[in-house]
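If you count by mature numbering (1 follows the signal peptide of the UniProt record, and there is no 0), then the sequence shown holds residues -23 to -1, 1 to 469, one letter each, in order.
For glycine and all other residues, C-beta sits at the position ideal for the given N, C-alpha and C.
Only a predicted model underlies this, so the values are computations on that prediction, with no experimental measurement involved.
I have placed the structure first, in the form of structure tokens, so that the comments after it can refer back to it.
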Amino acid sequence: MRKITLGSFVLSFILVGCSNMSSQNTPMNNEHMGGNTDSQQDMGGMMHGNVPLLESSKGLKALAIPPILEKQQGQDYDYEVIAQKGNTEFFDGVSTDTYGYNGDLLGPTLKIEEGESVDVKITNNLDEPTTFHWHGLEVRGEIDGGPHGGIQPGDSQIVTLEADQPAATLWYHPHIDGSTAEQVFKGLSGMLLIDEKPSSASQLPTEYGVDDIPLIFQDRLFDDNKQLNYNKLMNDDGTLGTVSIINGTIHPKLTVTKPVMRFRLLNGANARNYTFRLSNGDRFTQIASDGGLLDEPVETKSLTLAASERAEILIDFSKLTDEESLSLINDEGIELLPFDVALDDSPASSPEMWTADEPFLTAQEKARPVSKDIELFGMMDMVTINGKKFDPNRIDLRQEQGVTEVWEVYNKPDMMGGMIHPFHIHGTQFKIISRDGKEPEPNEQGLKDSVLVNPGEKVKLLVTFPEEGIFMFHCHILEHEDNGMMGQIEVF
Ligand SMILES: [Cu+2]
């Protein structure tokens, strides 16, 4: 990679799409993202359902930072992750029943270094089966934690996770057939970070919890007793709530001490799409997508993530005056995360930026014919892929290990217009070749494992599976996944 400094980079900034954001309280499917044409915006008025607004953070509590998972000493495995029941005080004086990994809610951050291989003991202490899916990690199908990887209550298993891929912000969550949405809703999710090798000497902020901050965005609904009563509250088209939680904290605020901060954003919601902005309208810098660093950093004023997508961004706080306040807001102007800026005397030097030596896609890759067609269709519990619902006993597609193919994913609209489906493939980090024939926006020129597909849109993906096994491909609206909007590919 050719390194350049942020200063010179700013001169050639690129504004990413999403300009004409539609009205407040829009149907979620009205948000057209990822470089779409204006004509598609017109479909917005006839989409399904309304998305309830989130409540603004009042900045009442310090943002929780998930602890880093400690390495085990004197065991025959390196790490242990236990799915368990717990209680969380979201609201003062009220105990809410939740699920967590190694704790009451969410999970510790599992860090693996690029190239490292670790043994992880996974234990299910819930009263129901679960699985441990390593979202974005290119592992063998056998240990990917899809619906075939069910762990019964009380059971354990040791899996070897190898980080044979670039540094990236990944995550882990359950993937049990029919109950994924409920288990995630109750709190099962954690960050899985592949760290750059120390020798790579990147100047990006890397001090976890200080200038390198994980942010898990979720929206939740509580019943009258302040419980996460999933069966009562759930929605077949994706459960949406008005309560915004980040890393499990309601009304969070974050004290910022370093001039340049790196944030790892994960849309961990069951269904909600988030568009992030800064409250003062300033630009920030997106440096990574789902699977690692972008081909080059992108200066932008807004960034959209569908459920399960991630991005890493840098925010420069050094230019703020003392009187100025700053928050991370969403597209409706709701404050998600207010910042308390109290900079220490660290030098305000910008990290080195880079630009890739090679084009994102070669001419050959762009010209490659489509060999797999995927059609996403439907809503509520009538969702299908290629006209079918998930059947654990049926293999839908086959692809040879290490052989690159082009998948074309079409989100077929219905009479009501249709809705966004975030499409995720297990066991691979792919590249987006095009959206409706147009090259992807610069902030999608990086490795991806999930892609937002707008109604009526055709997205071409360049897909290679480095490992063998059976892998899922599905909509990451968790209720759609549970309702069968999922297929299986056998990699041989
Ligand atoms: Cu869907």
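Within the model, the alpha-carbon separation for Tyr56 versus Glu434 is close to 42 Å. Measuring C-alpha to C-alpha distances from Phe109 to each of Lys235, Gln61, Asp74 and Val71 identifies Gln61 as the nearest. Distance from the C-beta of Val440 to the nearest heavy atom of ligand 1 is not below 7 Å. Straight-line measurement puts the Cα of Met357 at about 33 Å from the Cα of Lys278. Rounded to the nearest whole angstrom, the CA to CA distance from Ile153 to Arg254 is 34 Å. Ranked by how close their Cα comes to the Cα of Asp350, the residues Tyr387, Ile372 and Met168 have Tyr387 in first place. About 31 Å separates the beta carbons of Asp213 and Asn420, which is beyond the 8 Å limit, so they are not a contact pair. Under the 10 Å beta carbon count, Ala288 is surrounded by 16 or more other beta carbons and is classified as buried.
Straight through space, the alpha carbons of Met211 and Glu139 are spaced by roughly 36 Å. Taking all protein chains in view, the Cβ of Ser221 is crowded by 16 or more other Cβ atoms within 10 Å, so the residue is classified as buried. Per the Cβ contact rule, the region 242 to 261 is in contact with the region 185 to 199 (3 or more Cβ pairs under 8 Å). Within the region 318 to 391, complete alpha helix (DSSP H) segments of at least 4 residues are found at 340 to 344, given in chain order.
Runs of the alpha helix (DSSP H) lying entirely within the region 141 to 176, each at least 4 residues long, are 157 to 162 in chain order. Leu429 has its alpha-carbon roughly 23 Å from the corresponding atom of Pro336. With 16 or more other Cβ atoms inside 10 Å of its own Cβ, Leu305 counts as buried.
With contacts defined as CB atoms closer than 8 Å, Leu181 and Pro43 fail to qualify as a contacting pair.
Close CB contacts of Gly423 within its chain, under the 7 Å cut and outside five residues either way in sequence, are with Ala265, Ser266, Gly268, Gly269, Leu270, Leu271 and Asp272 (chain order).
Between Glu115 and Gln406, the C-beta gap is smaller than 8 Å, which places the two residues in contact. Of the candidates Val347, Leu83, Gln49 and Val58, the residue whose Cα lies closest to the Cα of Thr65 is Leu83. Secondary structure note for Asn307: it is in no alpha helix (DSSP H), and the uninterrupted beta strand (DSSP E) holding it is Leu303 to Asn307. One alpha carbon belongs to Ala39, the other to Asp132, and they sit about 36 Å apart. Beta-bridge partners of Lys435 (DSSP): Tyr387. For His457, the enclosing alpha helix (DSSP H) has its first and last residue at Leu455 to Asp459.
At a cut-off of 3 residues, the continuous stretches assigned as beta strand (DSSP E) that sit fully inside the region 86 to 126 are 87 to 90, 94 to 101 and 110 to 112. Note: Val468 is bridge-paired with Gln376 and Gly446 in the DSSP secondary-structure output. Sorted by chain position, residues whose beta-carbon lies closer than 5 Å to a non-hydrogen atom of ligand 1 are His398, Cys452, Ile454 and His457. Between Pro29 and the set Thr216, Arg260, Asp96 and Val383, the nearest pair of CA atoms involves Thr216. Bounds of the beta strand (DSSP E) holding Lys230 are Pro229 to Val233. Three or more beta-carbon pairs separated by less than 8 Å are not found between the region 222 to 231 and the region 198 to 207, which leaves the two stretches without contact. For Leu217, there is no enclosing beta strand (DSSP E), since its DSSP letter is neither H nor E.
Look at the beta carbons and you see the region 284 to 301 touching the region 315 to 332: at least three pairs across the two are nearer than 8 Å. Under the 10 Å beta carbon count, Ser166 is surrounded by 16 or more other beta carbons and is classified as buried. Here Asn420 carries a helix assignment [DSSP, helix/strand/coil].
Of all C-beta pairs linking the region 96 to 105 to the region 442 to 461, fewer than three are shorter than 8 Å, placing the two stretches out of contact. Beta-bridge partners assigned by DSSP to His401: Ser427 and His451.
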